[in-house]
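Trainee: Per full-length UniProt numbering, the sequence shown starts with residue 1, numbered consecutively.
My questions all concern the structure below.
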Amino acid sequence: MTLRPVETWLTDMDGVLVHEEVPIPGAKEFIEKLKGSGRRFLVLTNNSIFTPRDLRARLLGSGIDVPEEAIWTSALATAQFIADQRPDGTAYVVGEAGLTTALHDIGYVMTDRDPDYVVLGETRTYSFEAITKAIRLIADGARFIATNPDASGPSHQGMLPATGSVAALISTATGRTPYFIGKPNPLMMRSALNRIEAHSETTAMVGDRMDTDIVSGLEAGLQTCLVLTGSTRPGQVEMFPYRPTRVVDSVADLVDLV
Numbered sequence: 001m002t003l004r005p006v007e008t009w010l011t012d013m014d015g016v017l018v019h020e021e022v023p024i025p026g027a028k029e030f031i032e033k034l035k036g037s038g039r040r041f042l043v044l045t046n047n048s049i050f051t052p053r054d055l056r057a058r059l060l061g062s063g064i065d066v067p068e069e070a071i072w073t074s075a076l077a078t079a080q081f082i083a084d085q086r087p088d089g090t091a092y093v094v095g096e097a098g099l100t101t102a103l104h105d106i107g108y109v110m111t112d113r114d115p116d117y118v119v120l121g122e123t124r125t126y127s128f129e130a131i132t133k134a135i136r137l138i139a140d141g142a143r144f145i146a147t148n149p150d151a152s153g154p155s156h157q158g159m160l161p162a163t164g165s166v167a168a169l170i171s172t173a174t175g176r177t178p179y180f181i182g183k184p185n186p187l188m189m190r191s192a193l194n195r196i197e198a199h200s201e202t203t204a205m206v207g208d209r210m211d212t213d214i215v216s217g218l219e220a221g222l223q224t225c226l227v228l229t230g231s232t233r234p235g236q237v238e239m240f241p242y243r244p245t246r247v248v249d250s251v252a253d254l255v256d257l258v
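The following block contains the structure:
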């Protein structure tokens with residue numbers, strides 16, 4: 001199949017550009033090439049803890065200069081989704097500043113009194129009291145939304161439970177499953193494409209996970225580039241019933257494609 005030239009780029013952050021705070025070789029050069037070329041791009045992350053400003057500062061500390069407006073989080077995608085569904089509504093939020101700021105910015109009111117939605121995001125300090133409140137509100141009829149289905153996340157101390165694990169707890173208690181916004185839902189990709197006015201046929205998604213980045217890019221009609229610097233190991237690629245457009249050792253191998 002003849003591939004169209006890539007005009008716009010979407011790229012995951014953790015495992016592609018950085019490992020925690022450590023830059024991945026070639027990441028800085030890749031971002032600088034994108035900025036120098038004038039091509040539109042977004043850095044995507046399922047992490048809903050931080051605002052784009054926070055994430056820009058984090059990346060800058062690793063030597064990678066990504067403009068704030070070029071960062072798209074699952075919190076922003078979630079806020080856009082519920083603003084389209086129910087403008088100027090109310091929500092009970094379990095999450096941190098990245099999520100609450102995104103919801104405030106679309107005109108939502110945070111409340112625990114008969115909210116339109118319970119919105120579950122990632123936090124480093126899940127409160128049993130907050131989870132219990134979420135369970136009761138959902139049981140009373142609030143719609144259940146979660147920023148992403150990631151079951152666990154990394155930290156310097158080891159694995160941490162993430163949004164998907166807490167969503168499973170709430171679902172078990174209520175019998176209600178959430179609508180997940182972030183990857184692998186292709187809605188995350190579609191919202192990113194719309195943000196930079198890109199066309200799916202000439203956009204590539206760069207990621208390190210076959211089960212989130214690559215499958216969501218594939219389902220959104222994008223070209224996909226798997227880098228082997230993160231979660232998916234070389235021997236695991238053939239285990240999946242779908243394939244990426246390209247498999248490369250790292251993002252450094254994509255610099256010349258920009």
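For every residue, glycine included, the Cβ atom is placed at its ideal position computed from N, Cα and C.
Buried or exposed: where does D208 fall if 16 or more other Cβ atoms within 10 Å of its Cβ makes it buried?
Mentor: The residue you call residue 208 lines up with position 208 of the sequence shown. Label assigned to D208: buried.
Trainee: Is G38 buried or exposed, if buried means 16 or more other CB atoms sit within 10 Å of its CB?
Mentor: Against the sequence shown, residue 38 aligns to sequence position 38. Exposed is the call here.
Trainee: Evaluate the contact criterion for the segment 123–135 versus the segment 100–109: three or more CB pairs, one atom per stretch, below 8 Å.
Mentor: The segment 123–135, when compared against the segment 100–109, does not touch it at the 8 Å Cβ threshold.
Trainee: Give the straight-line distance between the Cα atoms of V109 and M239, rounded to the nearest whole angstrom.
Mentor: Taking the sequence shown and counting its residues from 1, one reaches residue 109 at position 109. Taking the sequence shown and counting its residues from 1, one reaches residue 239 at position 239. If you take the alpha carbons of V109 and M239, they lie about 45 Å apart.
Trainee: With the cut-off set at 8 Å, would you say G63 and K35 are in Cβ contact?
Mentor: In the sequence shown, counting from the first residue as 1, residue 63 sits at position 63. In the sequence shown, counting from the first residue as 1, residue 35 sits at position 35. Contact flag unset, no.
Trainee: In angstroms, rounded to a whole number, what distance separates the CA positions of T177 and D256?
Mentor: Position 177 of the sequence shown holds residue 177. Position 256 of the sequence shown holds residue 256. Answer to the nearest angstrom: the Cα atoms are 43 Å apart.
Trainee: Using the three-state DSSP reduction, which class does Q157 fall into: helix, strand or coil?
Mentor: For the purposes of this step, residue 157 is identified with residue 157 of the sequence shown, where counting begins at 1. Q157 falls in the coil class under three-state DSSP.
Trainee: Consult DSSP for F240 and reduce its assignment to one of helix, strand or coil.
Mentor: The sequence position of residue 240 within the sequence shown is 240, counting from 1. Of the three classes helix, strand and coil, the one that applies to F240 here is coil, per DSSP.
Trainee: Starting from T224, trace the beta strand (DSSP E) both ways and give me its first and last residue.
Mentor: Position 224 of the sequence shown holds residue 224. Note, T224: beta strand (DSSP E), Q223 to V227.
Trainee: Tell me, which residues are paired with I145 by DSSP?
Mentor: In the sequence shown, the residue the question calls residue 145 occupies position 145. DSSP, once it has assigned bridges, lists V119 and Y179 as partnering I145.
Trainee: Tell me the rounded alpha-carbon separation between R113 and K33.
Mentor: Taking the sequence shown and counting its residues from 1, one reaches residue 113 at position 113. Taking the sequence shown and counting its residues from 1, one reaches residue 33 at position 33. Whole-angstrom Cα-Cα distance: 49 Å.
Trainee: I'd like the ranges of any alpha helix (DSSP H) spanning at least 4 consecutive residues and lying wholly in the segment 4–51.
Mentor: Fully enclosed alpha helix (DSSP H) runs of 4 or longer: 27–37.
Trainee: Would a C-beta distance cut-off of 8 Å place V66 and I31 closer than the cut-off?
Mentor: Counting from 1 along the sequence shown, the entry for residue 66 is found at position 66. Counting from 1 along the sequence shown, the entry for residue 31 is found at position 31. Yes, they are a contact pair.
Trainee: On the three-state DSSP scale, how would you describe T132?
Mentor: The sequence position of residue 132 within the sequence shown is 132, counting from 1. If DSSP states are grouped into helix, strand and coil, T132 belongs with the helices.
Trainee: Check whether the Cβ atoms of A139 and T174 sit closer than 8 Å, and answer yes or no.
Mentor: The sequence position of residue 139 within the sequence shown is 139, counting from 1. The sequence position of residue 174 within the sequence shown is 174, counting from 1. Yes, Cβ-Cβ distance for A139 and T174 is below 8 Å.
Trainee: Can you tell me whether A91 is helix, strand or coil according to DSSP?
Mentor: Numbered from 1 along the sequence shown, position 91 holds the residue referred to as residue 91. Three-state DSSP puts A91 in a strand.
Trainee: Whole angstroms is fine: what's the gap from I131's alpha carbon to I170's?
Mentor: Stepping through the sequence shown from its first residue, residue 131 is reached at position 131. Stepping through the sequence shown from its first residue, residue 170 is reached at position 170. Cα to Cα, I131 sits roughly 7 Å from I170.
Trainee: Cα separation between K133 and V93?
Mentor: Locating residue 133 in the sequence shown gives position 133, where the first residue counts as 1. Locating residue 93 in the sequence shown gives position 93, where the first residue counts as 1. Straight-line Cα distance between these residues: approximately 10 Å.
Trainee: State whether the segment 3–23 contacts the segment 158–165, with contact taken as three or more CB pairs (one from each stretch) at a distance under 8 Å.
Mentor: Flag = no, the segment 3–23 and the segment 158–165 do not touch.
Trainee: If we call anything under 8 Å between Cβ atoms a contact, is W72 one with F41?
Mentor: The residue given as residue 72 occupies position 72 in the sequence shown. The residue given as residue 41 occupies position 41 in the sequence shown. No; because the gap between Cβ atoms is not below 8 Å, this pair is not in contact.
Trainee: T172: buried (16+ other C-beta within 10 angstroms of its C-beta) or exposed?
Mentor: What you label residue 172 is simply residue 172 of the sequence shown in a count that begins at 1. Burial call: exposed.
Trainee: Reducing DSSP to helix, strand and coil, say where S200 ends up.
Mentor: Taking the first residue of the sequence shown as position 1, residue 200 is located at position 200. Helix at S200.
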